[in-house]
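So in this note's numbering, the last one in the sequence shown is 565, and the numbering has no gaps at all.
The beta-carbon is built from N, C-alpha and C at its ideal position, and this holds for glycine as well.
Shown next, in structure tokens, is the structure this report addresses.
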Amino acid sequence: MAEAAFISTTIPYVNAQPHLGHAFEYSQADTYARHMASQGMDVYFLSGSDENSLKNVLAAEKEGITARELVDRNVVFFERMAADLQTKLSRFIRTSVDADHIDGAIEIWRRMEARGDIYAKDYEGLYCVGCEQFYTPAELVDGKCPEHFTVPDLVSERNYFFRLSSYQDKLLAALESGELKVVPESRLNEVASFVRSGLEDISISRSTGRARGWGISVPGDENQVMYVWIDALTNYTNALGWTRDGEEYKKYWVDAAKRVHVVGKGVTRFHAVYWPAMLMSAGLPMPTEVVVHGYITASGQKLSKTTGNVIDPADLIERFGSHAVRYFLLAEFSPFIDGDFSEERLIARYNADLANGLGNLLSRATSMTVRYRDGVVPEPAEIGDPERSLAEQLAASEQASVAAMAGYDHREALARIWDLVRRTNAYVDERAPWHLAKDPAQAAALDTTLHYLAGAVRQLGRLLLPFLPQAAETIVRTLGAEPDKVPGAQNWLEGLAGVQVTKSPALFPRIEAPAAE
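Right under this line is the structure:
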């Protein structure tokens with residue numbers, strides 16, 4: 049039986065339409081999920097929408113509509129973005145309407161309360177609505193939120209608190225032992241340092257009045273609603289139906305080999321400190337890994353719906369296509385540190401790697417097989433150094449890309465796959481089948497060249513399935529195979545002779561850069 053794995057994106061607020069940072073996280077997490085599946089794991093991939101926030105309420109008030117109307121309208125944009133980016137979700141959970149979520153959030157609260165980890169007290173603090181988080185004065189930058197550069201509100205009210213301080217030693221032990229991994233190591237060091245410096249109890253509720261009555265009520269106290277983060281974090285187990293003893297919860301959480309959260313660096317503390325401590329309190333298993341990515345920036349500034357410097361992924365996909373956008377996000381940006389976006393780099397990267405590189409290679413392989421052998425991949429004859437070199441590069445690219453993905457480095461994995469794209473294009477130039485075809489005495493050499501070329505391109509399709517799923521499936525099928533039937537690198541030419549090849553569609557047409565004004 050295949051090992052099970054759980055992987056999730058964060059669930060974004062739906063106070064506005066998604067920006068490119070959301071598209072980056074969706075593309076990353078989907079690629080990780082597909083890669084795990086390609087390695088034989090049974091994967092559950094979760095995303096959703098965080099709907100019970102004050103941000104959503106205030107955005108609705110500004111528009112003159114209800115919070116319900118706002119979230120129902122905006123969640124559609126996130127669901128559409130997930131589809132446009134070719135993500136293959138097991139479930140999309142909505143925190144304001146999903147019964148599994150509401151029941152699960154309440155039950156986790158009750159378990160934490162029964163453990164003696166929840167108490168009430170009066171509190172005053174500086175609250176950033178953009179982050180939905182209290183800050184200490186020392187955490188502000190020139191008196192402003194370090195994420196949104198806005199002055200936080202001074203809030204005084206009676207809240208419920210979680211005894212986070214009680215879990216300091218257990219959290220530190222989990223981080224230091226690797227029971228709870230944070231990737232990359234620099235983020236692990238930040239989290240461990242934060243925990244080691246001393247944890248304070250955290251506020252986990254808001255007054256119903258300040259929340260405008262929107263959110264999940266605290267069990268036994270209708271004057272308070274759960275703090276949106278405490279509510280939202282529980283979605284990861286709630287989606288699996290843990291309160292109803294769901295089979296998926298046992299398989300994909302309790303018994304899973306991996307429980308992975310893919311998160312942005314701004315919410316690391318919530319996922320690597322608060323959430324594991326909540327699970328300890330409730331008696332549920334912790335995540336095994338928290339994978340932290342940086343931000344996509346515009347002119348060095350984080351993309352934010354609050355600050356308004358958004359880049360609309362739907363617009364990019366409409367103008368350039370989903371292949372271009374998804375590939376650019378995964379090949380251009382580090383999975384771990386910030387990177388600046390520009391349309392010029394998107395166009396240049398797409399044209400160089402996809403249109404001129406992989407697309408040209410696919411066209412060469414299929415058109416020459418059709419032209420010289422009526423579309424049937426011939427039997428190979430004797431092989432030489434070019435064929436051996438090509439086979440060595442395939443083995444090296446597969447090994448290196450799999451190793452990179454084990455460390456959640458999609459950019460490195462694609463770079464190593466593109467070593468094979470370049471080597472295969474070079475192989476075609478070395479063998480020059482257009483010359484071989486002119487000499488009947490070279491028929492056997494031409495057969496070998498076309499066979500190895502078709503095999504290499506078929507392997508590229510297989511290796512790219514987690515990264516460019518729809519394009520990769522087209523490549524594989526053009527070479528006469530089904531995506532789940534392509535042999536691995538050790539048997540890469542198996543079953544290839546006699547396969548009927550179809551002429552490739554224009555899978556990656558060039559994108560012309562807009563004319564300078």
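Would you list the residues sitting across from Gly387 in a DSSP beta bridge? Answer is Ile344.
Could you pull the DSSP bridge partners for His309 from this structure? His309 is bridged by DSSP to Ser56 and Val338.
Are the CB atoms of Leu409 and Val505 within a distance shorter than 9 angstroms? For Val505 and Leu409, yes; Cβs fall inside 9 angstroms.
Quick one: using the 10 Å Cβ neighbour count with 16 as the cut-off for buried, is Asp78 buried or exposed? So Asp78 counts as buried.
Counting only the same chain and skipping the five closest in sequence on each side, list residues whose C-beta sits under 8 angstroms from that of Glu574. Because the chain here runs from 49 to 565, residue 574 falls outside it and cannot be looked at.
Buried or exposed for Trp482, going by 16 or more other Cβ atoms inside 10 Å? Around the beta carbon of Trp482, fewer than 16 other beta carbons lie within 10 angstroms, which makes this residue exposed.
Quick one: residues in its chain with C-beta nearer than 6 angstroms to the C-beta of Thr345, no 5 flanking neighbours on either side, listed in chain order? Asp386 and Asp388
Hey, how far is the Cα of Met417 from the Cα of Arg464? Note that residue 417 is Thr in the sequence shown here, rather than Met. Whole-angstrom Cα-Cα distance: 27 angstroms.
Could you tell me if Asp477 is buried or exposed, where buried requires 16 or more neighbouring beta carbons within 10 angstroms of its beta carbon? exposed
Taking the straight line between their C-alpha atoms, what separation do you get for Asp495 and Pro428? 5 angstroms
May I ask you to verify whether the segment 239 to 246 touches the segment 284 to 293, counting CB pairs closer than 8 angstroms and requiring at least 3? no
Cβ shell of Asp165 (< 7 angstroms), same chain only, five flanking positions each side left out: Excluding sequence neighbours, Asp165 sits near Phe210, Arg211, Ser214 and Ser329.
In whole angstroms, what separates the C-alpha of Asp249 from that of Tyr171? 12 angstroms
What is the residue span of the alpha helix (DSSP H) that Gly44 lies within? The chain is shown only over 49 to 565; residue 44 falls outside these bounds and no answer can be derived.
Between the C-alpha atoms of Gly69 and Gln134, what's the straight-line distance to the nearest angstrom? 16 angstroms
If you scan the segment 96 to 125 from start to end, which runs of the alpha helix (DSSP H) of 4 or more residues do you find wholly inside it? 102 to 111
Can you find the residues in the same chain that come closer than 8 angstroms, C-beta to C-beta, to Leu378, ignoring five residues on each side of it along the sequence? Excluding sequence neighbours, Leu378 sits near Ser75, Gln76, Thr79, His458, Arg459, Leu462 and Phe515.
Phe515 by DSSP, collapsed to three states: which one? coil
Closest by CA to Tyr61, which one among Phe126, Tyr475, Lys110 and Asp269? Among Phe126, Tyr475, Lys110 and Asp269, the Cα nearest to that of Tyr61 belongs to Phe126.
Looking at chain C, is there any beta carbon in it that lies within less than 9 angstroms of the beta carbon of Ala444? You won't find chain C in this structure, because it holds only one protein chain.
Of the residues Ile252, Val273 and Asp269, which one's Cα is nearest the Cα of Trp262? Shortest Cα-Cα distance from Trp262 to any of Ile252, Val273 and Asp269 involves Val273.
How would you call Asp401, buried or exposed, if buried means at least 16 neighbouring beta carbons within 10 angstroms? With 16 or more other Cβ atoms from the protein chains shown falling within 10 Å of its own Cβ, Asp401 counts as buried.
Straight-line CA distance for Gly407 to Ile113? 48 angstroms
Please classify Thr131: is it buried, with 16 or more other beta-carbons within 10 angstroms of its beta-carbon, or exposed? This sequence places Ala at residue 131; Thr is not what is there. Ala131 comes out exposed.
Just to confirm before moving on: does the CB-CB distance between Asp279 and Thr143 stay below 9 angstroms? yes
As assigned by DSSP and simplified to three states, the class of Val580: A query on residue 580 cannot be resolved here, the shown segment of the chain reaching from 49 to 565 and no further.
DSSP on Arg235, reduced to helix/strand/coil? helix
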